[in-house]
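S.K.: The sequence shown: position 92 = 342 (this note's numbering), numbered continuously.
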Amino acid sequence: MITEIDSLIYQAEAEYLAQKDLGIFKSQILYLSERLKIYEQIRDQETEIFQHVINQIVNNFPDEPESKVKRAVKRWMMILRYCSMAMLANDSQYLEQRILEWLPEQIAAQHMQDLEQNLYGYLYKRLKKSLENEQFSVLQPYLEQSKNVLLNPKAALKPA
251 MITEIDSLIY
261 QAEAEYLAQK
271 DLGIFKSQIL
281 YLSERLKIYE
291 QIRDQETEIF
301 QHVINQIVNN
311 FPDEPESKVK
321 RAVKRWMMIL
331 RYCSMAMLAN
341 DSQYLEQRIL
351 EWLPEQIAAQ
361 HMQDLEQNLY
371 GYLYKRLKKS
381 LENEQFSVLQ
391 PYLEQSKNVL
401 LNPKAALKPA
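(1) In this structure, how does DSSP classify D341 when only helix, strand and coil are distinguished?
(2) Alpha helix (DSSP H) containing Y370: first to last residue?
(3) Where do the ends of the alpha helix (DSSP H) carrying P312 lie?
(4) Determine, using beta carbons only, whether Q278 and E296 come nearer to each other than 8 Å.
(5) To the nearest angstrom, how far is the alpha carbon of N309 from that of V303?
(6) For Y260 and L267, I'd like the C-alpha separation in whole angstroms.
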């Protein structure tokens with residue numbers, strides 16, 4: 251999205267945008283506005299969302315060491331922030347370049363795939379409940395991209 255807007259801005263340096271291009275520009279700005287609302291909602295509800303996820307983990311996995319749970323929760327807080335930013339920019343490469351190229355090895359090395367898989371499931375369900383269907387569908391490809399790469403490292407890096 252940002253590259254589409256940038257492209258139109260560069261084009262406008264040489265000449266006024268044609269009506270068709272202005273329409274594209276307007277739709278990109280409106281789409282950005284919608285994504286910004288989703289981003290702000292996730293940001294504002296982050297504590298509540300993750301408290302629910304932590305409660306689910308603690309209740310369903312009482313024997314899991316607290317340090318391991320904290321590490322996994324912190325990691326998924328970071329991942330959600332990057333997913334949100336990638337969603338805002340409509341740029342899956344942002345997510346790929348920032349965390350998906352190096353994080354899978356860390357998760358595998360710490361033998362946390364099972365915990366992280368369950369944590370992802372609880373986070374996914376909570377986000378689906380916290381966001382409206384349309385909002386969730388905008389964020390969903392980035393969540394799934396993260397899940398596929400981090401919890402199944404052989405998967406492709408592009409969102410579904």
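Glycine included, each C-beta is placed from N, C-alpha and C at the ideal position. These numbers were taken from a predicted model, which means no experiment stands behind them.
M.R.: This is what the structure holds:
(1) Of the three classes helix, strand and coil, the one that applies to D341 here is coil, per DSSP.
(2) Its alpha helix (DSSP H) spans residues 363 to 380.
(3) Taken as a continuous stretch (DSSP letters only), P312 belongs to no alpha helix (DSSP H), as it is neither H nor E.
(4) No. Outside cutoff.
(5) Using only the alpha carbons, I get a separation of about 10 Å.
(6) Rounded to the nearest angstrom, the two C-alpha atoms are 10 Å apart.
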